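Heads up: the sequence shown begins at 17 in my numbering, then just goes up one per residue.
To start, the structure under review is shown below, and the notes come after it.
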Amino acid sequence: MVQIQEDERIDDLQCKGYQIIQKPQGFCFGIDAVLLSGFAKVKRGQKVLDLCTGSGVIPILLAAKTNGEQFTGLELQEPYADMASRSVQLNHLEDKVNIVCGDVKDVKGLFAPASFSVVTVNPPYMTEHHGLTNLYEPKTIARHEVALSLEDVIAAASYALPVNGNFFMIHKPFRVAEIFRVMKAYHLEPKRMRFVHPYVDKEPTMVLIEGIKCAKERITIESPLIVYEKDGAYTDEIYQIYGN
Numbered sequence: 017m018v019q020i021q022e023d024e025r026i027d028d029l030q031c032k033g034y035q036i037i038q039k040p041q042g043f044c045f046g047i048d049a050v051l052l053s054g055f056a057k058v059k060r061g062q063k064v065l066d067l068c069t070g071s072g073v074i075p076i077l078l079a080a081k082t083n084g085e086q087f088t089g090l091e092l093q094e095p096y097a098d099m100a101s102r103s104v105q106l107n108h109l110e111d112k113v114n115i116v117c118g119d120v121k122d123v124k125g126l127f128a129p130a131s132f133s134v135v136t137v138n139p140p141y142m143t144e145h146h147g148l149t150n151l152y153e154p155k156t157i158a159r160h161e162v163a164l165s166l167e168d169v170i171a172a173a174s175y176a177l178p179v180n181g182n183f184f185m186i187h188k189p190f191r192v193a194e195i196f197r198v199m200k201a202y203h204l205e206p207k208r209m210r211f212v213h214p215y216v217d218k219e220p221t222m223v224l225i226e227g228i229k230c231a232k233e234r235i236t237i238e239s240p241l242i243v244y245e246k247d248g249a250y251t252d253e254i255y256q257i258y259g260n
């Protein structure tokens, strides 16, 4: 029996009957994690590392949607790592998904170099100077770069990947130039990008990026991903990504 704490709830992931444990007061996953799980490409037999895994939603969704062999989630905050581990147990995925409690900045002490074919990350979007810092510390750590920087994340991904390994990230459009600069500094060549728009006539609020380690320069800009129809309902593509 998986233990559920008094301040936790079980949510339906709407994919293969999988569920996830979350803290309503804490940082709950949003559509960005779901979109990243739909954007990432994982081939049969590959090993995947998800940085800043939080509740473990991305490894669990990738285990449901792909033929990857093993999925590892790395999470700094012990309460969230514990909660993610219990979600793995709840879905009987112990043979495919494991959660490691540790710091992205300590990746060299946690994993061997080039030991994952794919790295995914839904990192903190805001620097300390962007947006309002939530007074609830776990939310602050999840949303703002107070515990690690964009460079820390990309450096860790580059270390974990072999040549031609794939890196997938969701982030904010206003940081694209910085993201590309740091990726190139760590030999992760931007190869694919897709902007996410809330409505067809609105500016993008998120961007999905794929990089390949040590690849040649050439990027594909995919058609925009629109989240909502005019009436506020999800578009067909969003329903497909959710698995419905």
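Yeah, the Cβ is synthetic: ideal placement off N, Cα and C, and Gly gets one too.
These numbers come from a predicted model, not from an experiment.
Neighbour-count burial assignment, residue i, 16 or more Cβ in a 10 Å radius
i, result
"Q21", "exposed"
"G227", "buried"
"V179", "exposed"
"G46", "exposed"
"I76", "buried"
"I157", "Confidence is the limiting factor: at I157 the pLDDT is only 45, short of 50, which leaves the residue's position unreliable, though a coordinate-based value still follows. With 16 or more Cβ atoms within 10 Å of its Cβ, I157 is classed as buried."
"Y96", "buried"
"Q38", "buried"
"A128", "exposed"
"A173", "buried"
Own chain partners of residue i with C-beta closer than 6 Å, once the 5 adjacent residues on each side are dropped
i, result
"L224", "F55, I186, R210"
"K32", "A80"
"V73", "I36, F45, A49"
Residue i versus residue j: straight-line alpha-carbon distance, rounded
i, j, result
"L204", "M17", "42 Å"
"A176", "S133", "8 Å"
"H160", "E233", "Summary for H160: the model assigns pLDDT 43, below 50, so the residue's position carries little reliability; its value from the coordinates is reported in the next sentence. Taking the straight line from one Cα to the other gives about 30 Å."
"N107", "F190", "37 Å"
"I195", "I170", "9 Å"
"N114", "E91", "11 Å"
"I235", "K207", "4 Å"
"G70", "Y215", "28 Å"
"T251", "I257", "10 Å"
"N3", "L52", "Nothing can be reported for residue 3, as the shown portion of the chain is limited to 17 through 260."
"P140", "K188", "10 Å"
"V123", "Y34", "29 Å"
"L166", "V198", "8 Å"
"L151", "R60", "With a pLDDT of 47 at L151, under the threshold of 50, the modelled position of that residue is not reliable, and no figure is offered here."
"L126", "T88", "12 Å"
"T149", "G248", "Any answer about T149 is weak, because its pLDDT of 48 lies below 50 and its placement is not dependable; what the coordinates show is given next. One C-alpha to the other measures close to 29 Å."
"I26", "Q19", "11 Å"
"D111", "K218", "43 Å"
"K121", "D168", "6 Å"
"P220", "K57", "22 Å"
"L164", "D119", "9 Å"
Own chain, CB closer than 8 Å to residue i, minus 5 neighbours either side, in chain order
i, result
"G181", "A130, F132, S133, V134, V135, I228, K229"
"A231", "N180, E205, K207"
Where residue i falls: helix, strand or coil (DSSP)
i, result
"L51", "helix"
"F196", "helix"
"M99", "helix"
"R210", "strand"
"R191", "helix"
"E94", "helix"
"Y175", "helix"
"E205", "strand"
"Y34", "coil"
"T156", "Because the pLDDT of T156 is 48, which lies under 50, any placement of that residue in the model is unreliable, and the number read from its coordinates should be weighed accordingly. Looking at T156 - three-state DSSP - the assignment turns out to be helix."
Neighbourhood of residue i by C-beta, 7 Å cutoff - its chain only, sequence neighbours within 5 removed
i, result
"V192", "V223"
"Y244", "P214, Y215, Y250, T251"
"D23", "K39, Q41"
Beta carbon proximity, residue i to chain D, threshold 7 Å
i, result
"E194", "In the structure shown, chain D cannot be found, because there is only a single protein chain."
Distance cut-off 6 Å: residue i Cβ against heavy atoms of the ligand ZN
i, result
"A130", "Ligands are entirely absent from the displayed structure, and the ligand ZN is therefore not among its contents."
Next on the checklist: Would the segment 66 to 80 count as touching the segment 238 to 254 if we require 3 or more Cβ pairs under 8 Å?
Outcome noted: no
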